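J.: The listed protein sequences derive, respectively, from chains A and B.
Taking my numbering, I'd label the letters of the first sequence as residues 9 to 197.
Taking my numbering, I'd label the letters of the second sequence as residues 9 to 197.
Number of protein chains: 2
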Amino acid sequence: MPRRALDNPLVLAVLGLLLEHPTHPYQMLTDLRSRGGAAINRGTLYDVVEALVAAGWVAPQGTERTGNRPERTVYALTDAGHDELVRRLDSQIRTPQREFTQFLGAVAHLGALGPDGAVDALTERARRLSDRIEADGDHLADVVASGVPRLHVIEAEYALGQARAELAWIGSIVDEVRAGSLTFPTRED
Amino acid sequence: MPRRALDNPLVLAVLGLLLEHPTHPYQMLTDLRSRGGAAINRGTLYDVVEALVAAGWVAPQGTERTGNRPERTVYALTDAGHDELVRRLDSQIRTPQREFTQFLGAVAHLGALGPDGAVDALTERARRLSDRIEADGDHLADVVASGVPRLHVIEAEYALGQARAELAWIGSIVDEVRAGSLTFPTRED
DNA sequence: TTCGCAATAGTCGATTTCGACTGATAGATT
DNA sequence: AATCTATCAGTCGAAATCGACTATTGCGAA
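1. Quick one: measure Cβ to Cβ for A/Gln170 and B/Glu28, integer angstroms, because I've assumed they're closer than 8 Å.
2. Is there a C-beta anywhere in chain A that falls below 8 Å from the one on B/Gly119?
3. Would you please verify whether the beta carbon of B/Val151 is less than 8 Å from any beta carbon of chain A?
4. For chain B, find out if any of its Cβ atoms is closer than 8 Å to the Cβ of A/Tyr83; answer yes or no.
5. Since A/Pro68 sits in a beta bridge, which residues does DSSP pair it with?
6. Does DSSP classify A/Leu190 as helix, strand or coil?
7. From which residue to which residue does the alpha helix (DSSP H) around A/Ile141 run?
8. Just to confirm, is the Cβ distance from B/Asp98 to A/Leu121 under 8 Å?
9. Taking A/Leu159 as the reference, give the member of B/Ala129, B/Val82, B/Val115 with the closest Cα.
10. Relative to chain B, which residues along the stretch 32-60 of chain A have a C-beta separation below 8 Å, given in chain order?
11. What does DSSP give as the partner residues of B/Asp31 in its beta bridges?
12. Please classify B/His198: is it buried, with 16 or more other beta-carbons within 10 angstroms of its beta-carbon, or exposed?
13. So, with DSSP's three-state summary, where would you put B/Phe108?
14. Below 8 Å between beta carbons: does that hold for B/Arg172 and A/Pro104?
15. Closer than 8 Å between beta carbons: that is the criterion. Which residues of the stretch 175-187 of chain B meet it against chain A?
16. Look at the alpha carbon of A/Thr191 and the alpha carbon of B/Val161, and state the distance between them as a whole number of angstroms.
17. Short of 7 Å in beta carbon distance, which residues of its chain neighbour B/Val22, apart from the five on each side in sequence? Order them along the chain.
18. Between which two residues does the alpha helix (DSSP H) holding A/Thr218 run?
19. Name the two residues that bound the continuous alpha helix (DSSP H) containing A/Ser63.
20. Cα-Cα, which of B/Arg80, B/Tyr54, B/Ala46, B/Ala84 is closest to B/Ala6?
21. Rounded to whole angstroms, what is the Cα-Cα separation between A/Ala167 and B/Gly70?
22. At the level of alpha carbons, what is the spacing between A/Ile48 and A/Arg41?
23. Just by C-beta distance, which residues in the stretch 15-28 of chain A are closer than 7 Å to chain B?
24. In whole angstroms, what is the alpha-carbon distance linking B/Pro123 and A/Leu18?
25. Beta carbons nearer than 7 Å to chain B: which residues of the stretch 89-109 of chain A have them?
26. Any beta carbon of chain B sitting closer than 8 Å to that of A/Gly145?
27. Are there 16 or more other CB atoms within 10 angstroms of the CB of B/Leu25, so buried, or fewer, so exposed?
28. Which term fits B/Arg96, buried or exposed, when burial requires 16 or more other beta carbons within 10 angstroms of its beta carbon?
29. Can you find a C-beta in chain B that's less than 8 Å from the C-beta of A/Trp66?
30. According to DSSP, simplified to helix, strand and coil, what is A/Gly169?
31. Would you identify the three-state DSSP class for A/Ala47, choosing helix, strand or coil?
32. Taking only the alpha-carbon atoms, compute the straight-line gap between B/Met9 and B/Tyr54 and give it to the nearest angstrom.
33. With a cut-off of 8 Å on the beta carbons, I'd call A/Ala164 and A/Asp144 a contact; round off their distance for me.
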């Protein structure tokens with residue numbers, strides 16, 4: 009029975025999902041994954057839901073059964089859960105955190121690749137990133153055109169904006185390394 | 009004795025640190041933290057180092073002792089460790105991952121705050137973010153002016169760029185909500 | 001000078017997270 | 001009709017992560 013599990017990033021995701029409508033964990037998983045939610049572990053999700061129930065933010069709504077697959081317990085947001093969701097949302101938006109993305113961590117040691125290796129890797133990233141930006145942009149336009157309220161896709165807009173900024177930055181770094189204005193120290197500081 | 013720990017983000021950070029010079033875990037901790045590295049758990053760090061030793065990427069170099077504080081074991085990067093570092097760096101730069109930051113997760117459910125709550129929270133974030141951008145920008149300029157090679161601070165430049173893009177995005181969203189061009193659906197999809 | 005407090009290092013049991021396993025059903029293939 | 005595969009749902013022991021605890025030193029205040 010998890011207790012510390014309440015500061016897992018999944019907590020917000022699950023609460024947010026249940027705000028839309030009650031569901032069972034397995035459905036949450038497919039929803040979260042389809043929304044780009046990277047590899048979420050099933051076991052972890054069940055643990056989180058259990059912790060949420062213990063915290064009183066979520067309550068079992070009843071059970072369903074299709075055929076005789078395992079029984080599915082449907083959970084719904086409680087009032088306390090709704091309050092908690094709003095509280096977390098508000099505080100996470102208000103206070104910018106320094107987030108440590110993988111790329112940031114890798115860039116910190118770019119020197120280890122040497123100028124050629126760095127240009128090479130960055131160029132490939134730029135290519136892939138720009139493909140993705142185009143694909144995501146198109147997809148976003150389609151979705152909005154199909155009548156989905158824009159509010160429901162702004163996180164995708166945000167992500168797209170960040171990706172565009174990253175692409176621009178990569179471009180400028182590659183140019184500078186090529187032009188020799190960003191030099192790679194040979195050995196030691 | 010950890011075995012799966014080798015895909016922890018700390019691995020790259022530790023390997024990168026040891027590329028600069030051998031040290032003991034406690035020092036790594038202070039270094040990582042001072043470089044903005046958010047709350048890193050001490051116990052976890054020791055576990056990771058142990059796993060790195062088991063993997064042969066890092067080797068104890070000897071022990072030091074100041075006063076009679078606990079003995080400090082100094083670790084250094086092995087050749088295999090250096091290779092592994094380069095491999096990881098290269099692959100993490102080449103392949104852009106969809107990273108799930110807290111803010112992204114929160115923005116996804118912005119609707120739950122209602123138009124006023126959203127504007128309020130976003131405005132405060134924008135203010136804090138812009139303060140930080142200014143402070144970080146100044147700091148960066150100072151550091152570079154003091155002769156530190158730019159390559160050693162590009163991750164800070166990158167982070168600054170992302171922060172600026174975020175700030176611009178927040179500004180546009182706030183404007184649109186105020187202007188009424190981004191509407192908040194009242195109930196349900 | 002003595003007390004308290006912050007910093008120094010590290011250990012280890014408790015908690016959380018993971019992912020392999022189970023076992024059933026619907027649809028496709030031969 | 002028999003078999004194969006993908007999807008559905010969830011459980012549980014093993015592995016990773018955490019954070020409370022220990023013990024020493026050095027500094028500033030009382």
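Idealized CB from N, CA, C, for every residue including glycine.
Please read all numbers here as calculations on a predicted model, not as lab measurements.
T.: A quick look at the data gives this:
1. Their Cβ separation, rounded to whole angstroms, is 29 Å, which puts A/Gln170 and B/Glu28 out of contact at 8 Å.
2. yes
3. no
4. no
5. A/Tyr83
6. coil
7. 122-153
8. yes
9. B/Val115
10. Arg43, Gly44, Gly45, Ala46
11. A quick correction: the sequence has Thr, not Asp, at residue 31 of chain B. Beta-bridge pairing links B/Thr31 to B/Tyr83.
12. Outside the modelled stretch of chain B, which goes from 9 to 197, sits residue 198 of chain B, for which no answer is possible.
13. coil
14. no
15. Ala176, Trp177, Ile181
16. 12 Å
17. Met36, Val56, Val57, Leu60
18. With chain A covering only 9 through 197, there is no way to say anything about residue 218 of chain A.
19. Correcting the residue type first, residue 63 of chain A is Ala in the shown sequence and not Ser. Start and end: 50-63.
20. No answer is possible for residue 6 of chain B: it lies beyond the span of chain B, which begins at 9 and ends at 197.
21. 46 Å
22. 7 Å
23. Pro17, Leu20, Ala21, Gly24, Leu27
24. 25 Å
25. Leu93, Val94, Leu97, Asp98, Gln100, Ile101, Arg102, Thr103, Pro104, Gln105, Arg106, Glu107, Phe108, Thr109
26. no
27. buried
28. buried
29. According to the sequence shown, residue 66 of chain A is Val rather than Trp. With 8 Å as the cut-off, A/Val66 does not count as an interface residue toward chain B.
30. helix
31. coil
32. Confidence in B/Met9 is poor, its pLDDT being 43 and thus under 50, which makes the residue's placement unreliable; the coordinate value appears in the next sentence. One C-alpha to the other measures close to 11 Å.
33. 7 Å
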